[in-house]
Amino acid sequence: MNFNTGLCLGLLALPAISVAQDLVPIVDMSMSASAAKVVEESFKPKPYKPSAESKMAESRYDLMQGLRDEVRLLRGMVEELKHELQQVKQRQLDDYLDIDRRLGSQALADDKVDSDVQPRPTTADSATTPLYGASSLQQGSGESSIDGLVLSTAGDGTVKTDYEAASNKLLKGRDIDGAATALQVHLDKYPASPYTANAHYWLGEIYLLQRKDELARQSFTTIVEQHPNHQKVMDSNFKLGKIYFQLGQTKRARRFLKKAAASSGGVASKAQSYLDKNF
0 MNFNTGLCLG LLALPAISVA QDLVPIVDMS MSASAAKVVE ESFKPKPYKP SAESKMAESR
60 YDLMQGLRDE VRLLRGMVEE LKHELQQVKQ RQLDDYLDID RRLGSQALAD DKVDSDVQPR
120 PTTADSATTP LYGASSLQQG SGESSIDGLV LSTAGDGTVK TDYEAASNKL LKGRDIDGAA
180 TALQVHLDKY PASPYTANAH YWLGEIYLLQ RKDELARQSF TTIVEQHPNH QKVMDSNFKL
240 GKIYFQLGQT KRARRFLKKA AASSGGVASK AQSYLDKNF
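Per numbering that gives the first Met the number 0, the sequence shown starts with residue 0, numbered consecutively.
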């Protein structure tokens, strides 16, 4: 009985042993190490290598981004230039309106002066008798002043006639180019003319309108340095202050503007307003 039981148990265990033997992996012992390494390498993930087309697409994208940045920069520069150009145009318009207004006022003053003219006496005292009415003039040594216009009392009518012909091109004819030429000819022809400061002042105004800032600076500087007692000195200081400010020489501009602001008359308020706005 015991033998039969043992035999039965042995027969029952045979399938389990067979299944266990099937689970053991089969290893090909004949495969070389190098072949095994090749197989192993084939299963490793390969690094990404972009193709030529993808590289070109990426390069184009970078180029487009760079162009967009440049366009944005250029647009900003254009806006700044537009703003600066508008400011220049506005300043030019303001200067033109200002000189046009003052030219009209000067023309009226000249008409008043002409109405006050007295005939020159023919007596021996004519050399000391002023050409114009004393009520309209501030007497000086050889010169008189009416509203900033220096008039000769020395009797040289040729110089006076020449200056009037030149200045009237501007004051009455509004011929800016013709006036500039005529005034310069007057200065060259009569270097000792009593109208020298006036001629330089109107030339400075004309040069500002023509955007010839350096020539304007020279004209106004001549008045300030060579004719310090002339009535247009403070106006010239104001003009010089504006010119130097536009040139970026702010210290020098401030000095001239403060001189003009400390004076009396309409130019003082203009100079102070310019200082308050720009400094």
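For glycine and all other residues, C-beta sits at the position ideal for the given N, C-alpha and C. Nothing here was measured: the structure is a model prediction, and the numbers come from that model.
Tell me whether the beta-carbon of residue i lies closer than 7 Å to the beta-carbon of residue j.
i, j, result
"residue 271", "residue 260", "yes"
"residue 206", "residue 215", "yes"
"residue 252", "residue 240", "yes"
"residue 168", "residue 177", "yes"
"residue 250", "residue 236", "no"
"residue 242", "residue 212", "yes"
"residue 229", "residue 196", "yes"
"residue 192", "residue 203", "no"
"residue 223", "residue 189", "no"
Can you tell me whether residue i is helix, strand or coil according to DSSP?
i, result
"residue 206", "helix"
"residue 199", "helix"
"residue 62", "helix"
"residue 123", "Confidence in residue 123 is poor, its pLDDT being 38 and thus under 50, which makes the residue's placement too unreliable to answer from."
"residue 282", "Because the chain is modelled from 0 through 278, residue 282 falls outside the range shown and cannot be assessed."
"residue 276", "helix"
"residue 24", "Any reading at residue 24 needs caution, since the residue's pLDDT is 48, under 50, leaving its predicted position unreliable; the model's value is listed next. In the structure shown, residue 24 sits in coil (DSSP, three-state: anything other than H, G, I, E or B)."
"residue 71", "helix"
"residue 216", "helix"
"residue 174", "coil"
"residue 191", "coil"
"residue 81", "helix"
"residue 159", "helix"
"residue 241", "helix"
"residue 211", "coil"
"residue 48", "coil"
"residue 168", "helix"
"residue 231", "coil"
Quick one: Cα of residue i to Cα of residue j, how far?
i, j, result
"residue 232", "residue 201", "13 Å"
"residue 180", "residue 164", "12 Å"
"residue 48", "residue 80", "48 Å"
"residue 210", "residue 65", "39 Å"
"residue 246", "residue 221", "19 Å"
"residue 174", "residue 90", "21 Å"
"residue 51", "residue 84", "49 Å"
"residue 171", "residue 208", "17 Å"
"residue 78", "residue 238", "29 Å"
"residue 63", "residue 70", "10 Å"
"residue 160", "residue 234", "25 Å"
"residue 226", "residue 278", "29 Å"
"residue 263", "residue 76", "42 Å"
"residue 57", "residue 87", "45 Å"
"residue 182", "residue 82", "35 Å"
"residue 254", "residue 244", "11 Å"
"residue 184", "residue 162", "10 Å"
"residue 46", "residue 60", "23 Å"
"residue 269", "residue 256", "9 Å"
"residue 72", "residue 54", "27 Å"
"residue 74", "residue 273", "31 Å"
Problem set entry | Length at least 4, wholly inside the stretch 244 to 269: the alpha helix (DSSP H) runs in chain order | 249 to 260
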